[in-house]
Amino acid sequence: MSSPMLQAVDLQCERDDRILFRGLDFSIVPGTVTRVEGPNGAGKTTLLRILAGLNDHFSGELLWLGERWQSQREAFLRNLLYLGHRPGIKPLLTPLENLRALTAVRRPVSDQAMKQALDGTGLQGYYDVPCRNLSAGQQRRVALARLLIADEPLWLLDEPFTALDRHGVAGLEQLLLDHAASGGAAVVTTHHELDLPGMARITLGASPAGEAPS
Amino acid sequence: MWQFFHKLGSPKWFYGIANRFMPWLFWLGLALLLGGLVWGLAFAPKDYLQGNSYRIIFIHVPSAFLAQSVYVMMAVAGVVTLVWRMKLADLFVKAAAPVGAVLTFLALFTGAVWGKPTWGTWWIWDARLTSMLILLFLYLGVVFLGSAISDEKSSARAVAVLVLVGVVNIPIIKYSVEWWNTLHQPATFKLTEKPSMPAEMWVPLLLSVLGLYLLFGWLACLRMQTEILIRERRTRWVKDFVSTGGH
Amino acid sequence: MAFDSLQAFWLMDGHGPYVWTCYGVFLAGLVGLALWSRHRRKVVIREQQRQLARDRQDQGESTPAAAATFSRIHPS
Amino acid sequence: MTARQPGVALVTAQVGTASAMWTVVRRDLKSSFRQRQDLLNPLLFFFMVVTLFPLGVSPEVSFLQRSGSGILWVAALLATLLSLDHLFRHDFDDGTLEQMVLQPQPLFLLVLAKTLAHWLVTGLPLILLAPVLGIMLHLEGNSIAVLCLTLLIGTPVLSLIGAIGAALTLGLRAGGVLLSLLIIPLYIPVLIFGTGTVAAAADGTPVGGYLALMAAFLVLAITLAPFAAAAALRISLSNS
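Residue numbers (this note's numbering), protein chains in the order written: chain C, 31 to 244; chain D, 18 to 264; chain Y, 14 to 89; chain F, 9 to 248.
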């Protein structure tokens with residue numbers, strides 16, 4: 031197995047006087063999809079936010095390519111794509127404008143490619159409709175279109191399957207496999223029964239000790 | 018009678034009727050307004066006190082007059098909305114509010130420009146101007162509330178309530194402003210009240226008021242049609258209407 | 014005509030700027046209002062025509078999302 | 009330890025900070041102009057607050073001339089305060105803020121860009137409306153010009169300081185009121201020098217020194233406030 035992209039050493043997180051997890055160790059290696067699982071309130075979203083660097087209420091170490099994360103923040107952020115529960119889609123802007131604003135700060139992508147990405151998620155014909163007029167599933171697809179043109183190797187996706195229909199779920203599963211096959215890594219939280227070949231798991235809240243059997 | 022009332026509430030029926038009346042409203046209104054304005058500008062005699070600046074009256078008075086009566090119309094429509102739930106009434110409130118706001122602004126602006134040569138100042142805080150300014154605020158409140166609530170039905174009801182609250186308040190505002198004005202010494206500049214206006218002055222004034230009324234009717238119909246298209250977009254007839262070109 | 018000449022009509026004994034500004038703003042306001050209202054109706058109709066076209070397109074395909082391939086795009 | 013293995017294609021390309029800032033400004037302006045009402049709200053509030061003074065105190069020309077600049081400044085300050093709640097709130101709600109924090113460019117510069125966009129849609133219109141209100145309050149031409157100049161220097165300071173408060177109170181339930189309580193004390197120096205400059209101009213004393221001092225406030229705010237606001241944003245996001 032190749033050396034890990036992201037490594038967590040002895041993570042512990044406490045929230046509202048409750049220990050969400052402690053002694054959590056895991057590695058995210060290139061070419062894998064990792065599913066974070068656990069019951070509601072187990073801290074799946076919190077873990078993802080900690081990994082992305084959005085939440086610093088934790089103790090333990092996070093290593094990016096074997097070095098401390100804090101020391102190379104910029105390189106880490108450049109290689110990270112995080113899609114939160116609220117994925118950063120402005121309701122007043124159109125899908126194309128949203129996509130443009132989200133990608134333009136990372137790398138220039140042609141409008142042509144962005145339209146292809148929107149087509150790829152089934153949004154052809156909706157380029158110019160303000161996102162607030164789209165359904166929840168369509169808004170989710172706008173956010174996911176970003177993944178189609180992403181070149182970041184590490185994806186952190188919080189509930190990406192929400193509001194998607196059956197076709198969308200199948201498409202996204204295939205996309206995750208493609209991403210892993212091309213050497214990327216994805217960490218996914220989901221309520222949906224996700225079982226991809228070669229998928230790793232991080233289980234939270236199952237045992238009181240919060241150990242992570244995989 | 019109820020049959021007619023029911024029909025009047027039908028947006029589809031109104032759309033057709035409006036289409037028939039609108040050219041008349043527009044051309045007649047335009048002719049009257051332009052006739053009145055040209056008469057007032059070029060042919061009416063000069064005022065012996067104010068000189069030629071009084072000619073602003075031919076646009077100031079119609080704007081101010083309409084600004085106030087549009088609010089009253091909106092209030093009536095508001096009552097109809099709340100009591101009878103008639104669709105067209107709340108459409109009218111939404112369609113008329115921006116027009117009323119523009120007219121109020123025009124009345125204020127022309128009043129200010131008129132004030133400069135007459136009183137020597139652009140603005141004085143006298144009762145009439147201040148009430149007009151407050152009317153503008155009320156209008157803008159209606160416009161903003163209408164566009165802030167995205168659900169069409171509740172937006173219409175909320176706007177109707179606000180209009181009614183405003184209309185109850187208008188006399189109170191007017192009297193309190195007048196009282197405030199007498200409290201602080203009354204304005205030193207006062208428009209001389211003339212007992213009678215010669216016919217060469219009030220006839221063009223009447224023409225332009227009538228013309229502006231008709232043009233307001235045209236604008237209201239046009240804007241109500243737009244509102245109808247938005248509100249009824251899921252109905253069969255609007256879909257048919259739109260797909261056949263929308264004329 | 015209440016004025017002797019066009020010149021006098023334009024100047025209005027020195028009150029010309031006030032009077033003409035007022036008439037200008039008034040007419041601009043009304044014309045603007047009219048054009049804006051017409052334009053809005055046109056925009057609404059056009060928007061709904063597009064919406065109808067999209068609905069028809071969606072109905073044409075068996076499932077709306079069937080076209081979604083979710084295949085990656087590699088912009089050069 | 010091998011930092012790069014053949015499997016991973018790391019991203020090395022980067023987008024410059026200036027172009028990232030420009031993207032932020034453009035997106036915010038576009039969003040604002042789609043919701044034009046939000047643009048007009050502070051402006052109308054400004055107008056109404058000014059109207060209250062002749063009604064509440066006195067419509068006398070001498071009084072209005074004397075206190076006009078103070079009235080306008082207080083009203084502009086309150087209008088800015090009113091608009092601050094929106095500065096990060098929408099972005100917070102739809103997740104744009106998280107994406108901004110995760111951009112590789114320095115966060116404080118992105119915050120500066122957001123504040124600039126905020127000033128363009130709230131502060132600048134106030135300055136454009138101020139002369140009209142100045143005339144209604146019977147200010148003299150010279151005073152109005154100086155007033156607009158002080159607003160031009162002062163309102164960006166209000167936006168910048170306000171950004172700190174907005175970032176700190178983000179995600180709190182009573183955020184709006186708390187924001188005012190936090191920020192008003194910090195606004196006092198700007199208010200004092202803003203109105204002081206206009207008063208000096210009305211007395212006929214030179215105002216260059218006052219303006220230079222206000223410009224110094226602005227420079228200080230531009231250099232320090234974005235750092236504080238960026239730090240506050242991280243804290244607020246960490247708690248959500």
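All C-beta atoms, glycine included, are put in the ideal place defined by N, C-alpha and C.
task = In the DSSP assignment, find the unbroken beta strand (DSSP E) run with CYS161(C) in it and report its ends.
result = Run containing CYS161(C): none; DSSP gives neither H nor E here.
message = Any beta carbon from chain D within less than 8 angstroms of ASP26(Y)'s own beta carbon?
response = yes
key: 6 angstroms CB neighbourhood of THR177(F) in its chain, flanking five on each side removed   = GLY183, LEU186 and LEU187
ask   = Are ALA81(Y) and GLY167(C) touching if we call contact CB-CB under 8 angstroms?
value = no
ask   = Under 7 angstroms Cβ-Cβ, which residues of chain D neighbour GLY42(Y)?
value = VAL119 and LEU123
request  = Below 8 angstroms on the Cβ atoms is my guess for VAL66(C) versus VAL218(C); work out the distance and round it to an integer in Å.
outcome  = 7 angstroms
query = Comparing the C-beta of ASP181(C) with each C-beta of chain F, is any distance below 8 angstroms?
reply = yes
query = So does the segment 196-211 of chain F actually touch the segment 141-154 of chain F, counting three or more Cβ pairs closer than 8 angstroms?
reply = yes
ask   = Taking just the CA atoms, how far does VAL57(F) sit from GLY76(F)?
value = 12 angstroms
request  = Compare the C-beta of GLN70(Y) against all C-beta atoms of chain D and say whether one is closer than 8 angstroms.
outcome  = no
Per-residue contacts from GLY90(C) into chain F (C-beta, under 9 angstroms) = Under the 9 angstroms cutoff, chain F gives no residues; its nearest Cβ is about 16 angstroms from GLY90(C).
inquiry  = Buried or exposed, going by whether 16 or more other CB atoms sit within 10 Å of the CB of TRP6(F)?
reply    = Because chain F is modelled from 9 through 248, residue 6(F) falls outside the range shown and cannot be assessed.
inquiry  = Counting only beta-carbon separations shorter than 8 angstroms, does ILE86(Y) have a partner in chain C?
reply    = yes
query = Is there contact between the segment 81-97 of chain D and the segment 141-158 of chain D, where contact requires at least three CB pairs shorter than 8 angstroms?
reply = yes
request  = Determine the closest residue to GLU189(C) out of PRO183(C), GLY73(C), GLY96(C) and ARG162(C), with distance taken between C-alpha atoms.
outcome  = GLY73(C)
query = If you follow the beta strand (DSSP E) that ALA121(F) is part of, which residue opens it and which one closes it?
reply = Looking at the DSSP string, ALA121(F) is not in any beta strand (DSSP E); the run it does join, the alpha helix (DSSP H), is 115-144.
query = Hey, how far is the Cα of TRP81(F) from the Cα of PRO197(F)?
reply = 12 angstroms
message = On the DSSP letters alone, give me the boundaries of the alpha helix (DSSP H) that SER80(D) sits inside.
response = 74-101
Contact set between SER20(Y) and chain D, taken where Cβ atoms lie within less than 7 angstroms = The identity of residue 20(Y) in the sequence shown is Gln, whereas the question assumes Ser. Residues of chain D passing the Cβ test: none, with the nearest at roughly 13 angstroms.
inquiry  = Between LYS120(C) and chain F, is the shortest Cβ-Cβ distance under 8 angstroms, so that the two count as touching?
reply    = yes
query = Taking only beta-carbon atoms, is VAL130(D) less than 8 angstroms away from chain Y?
reply = yes
ask   = Could you give the C-beta distance for SER260(D) and GLY53(D), rounded to a whole number, given that I count them as a contact under 8 angstroms?
value = Incorrect: roughly 42 angstroms between the Cβ atoms, too far for contact.
task = Give every residue of the same chain whose Cβ lies closer than 6 angstroms to the Cβ of MET9(F), excluding the five residues on either side of it in the sequence, and list them in chain order.
result = Unreliable positioning characterises MET9(F) in this predicted model, as indicated by a pLDDT of 36, which lies under 50. The coordinate reading is nonetheless provided below. Cβ within range, chain order: n/a, list empty.
key: chain B contact residues for PHE126(D), given Cβ-Cβ distances below 7 angstroms   = You won't find chain B in this structure, because its protein chains are C, D, Y and F.
task = At 8 angstroms on the CB atoms, spell out the chain C contacts of ARG54(Y), in chain order.
result = Neighbours of ARG54(Y) on chain C: none; closest Cβ ~19 angstroms, over 8 angstroms.
ask   = Which value, in whole angstroms, describes the spacing of the CA atoms of LEU267(F) and LEU150(D)?
value = Because chain F is modelled from 9 through 248, residue 267(F) falls outside the range shown and cannot be assessed.
request  = Would you mind sorting CYS43(C) into buried or exposed? The rule is 16 or more other CB atoms within 10 Å of its CB.
outcome  = buried
query = Can you name the residues of chain F whose CB is closer than 7 angstroms to the CB of LEU150(D)?
reply = THR59
task = Name the one or two DSSP bridge partners that LEU36(C) has.
result = ILE58(C) and TRP94(C)
ask   = Rounded to the nearest angstrom, how far is the Cβ of PHE83(Y) from that of GLY201(C), given a contact under 8 angstroms?
value = 3 angstroms
ask   = By the 10 Å Cβ neighbour count, where 16 or more other Cβ atoms means buried, how is ILE60(D) classified, buried or exposed?
value = Note that residue 60(D) is Phe in the sequence shown here, rather than Ile. PHE60(D) comes out exposed.
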